[in-house]
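Some notes on the structure that comes next.
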Amino acid sequence: MDEFAKMIYEQWNKEHDERDLFFKKGTELTDKMEEILSVNLLNDLYSIFCDSCQEVEENAFIEGFAYACNCLSRGRITFGKAQDN
Numbered sequence: 000m001d002e003f004a005k006m007i008y009e010q011w012n013k014e015h016d017e018r019d020l021f022f023k024k025g026t027e028l029t030d031k032m033e034e035i036l037s038v039n040l041l042n043d044l045y046s047i048f049c050d051s052c053q054e055v056e057e058n059a060f061i062e063g064f065a066y067a068c069n070c071l072s073r074g075r076i077t078f079g080k081a082q083d084n
């Protein structure tokens, strides 16, 4: 199930890659960061931020997909550990 959800996430991510919205050039945040940090450090921060956000997003997508499939197959919504039964 996880592999199937990962395939769906990868396809969705190709169509909805909006990570650049957080660090668009000319925004107040990036202007201030460019004043304080070196270009290399700013690029490293950007990469770390985007990678960690993508990991959280992927994990949430996979968990949500698995939960939705479980709800559809069992015909009910469960909460907590009862979902595993």
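Going letter by letter, the sequence shown gives residues 0 to 84 in numbering that gives the first Met the number 0.
Ideal Cβ positions, reconstructed from N, Cα and C, are used throughout, including at glycine.
From a predicted model like this one, the values you see are computed outputs, not experimental measurements.
First and last residue of the uninterrupted alpha helix (DSSP H) at residue i
i, result
"arginine 75", "Careful: arginine 75 lies outside any alpha helix (DSSP H) and carries neither H nor E."
"threonine 29", "27-35"
Of the listed residues the options, nearest to residue i (C-alpha basis)
i, options, result
"alanine 4", "Phe60, Cys49, Glu14 and Asn39", "Phe60"
"tryptophan 11", "Glu57, Ser46, Leu71 and Tyr66", "Glu57"
"methionine 6", "Gly74, Thr26 and Phe64", "Phe64"
Integer-rounded CB distance, given that residue j should sit under 8 Å from residue i
i, j, result
"isoleucine 76", "cysteine 68", "Their Cβ separation, rounded to whole angstroms, is 13 Å, which puts isoleucine 76 and cysteine 68 out of contact at 8 Å."
| Should the region 25-39 be regarded as contacting the region 51-59, the criterion being three or more beta carbon pairs within less than 8 Å? | no
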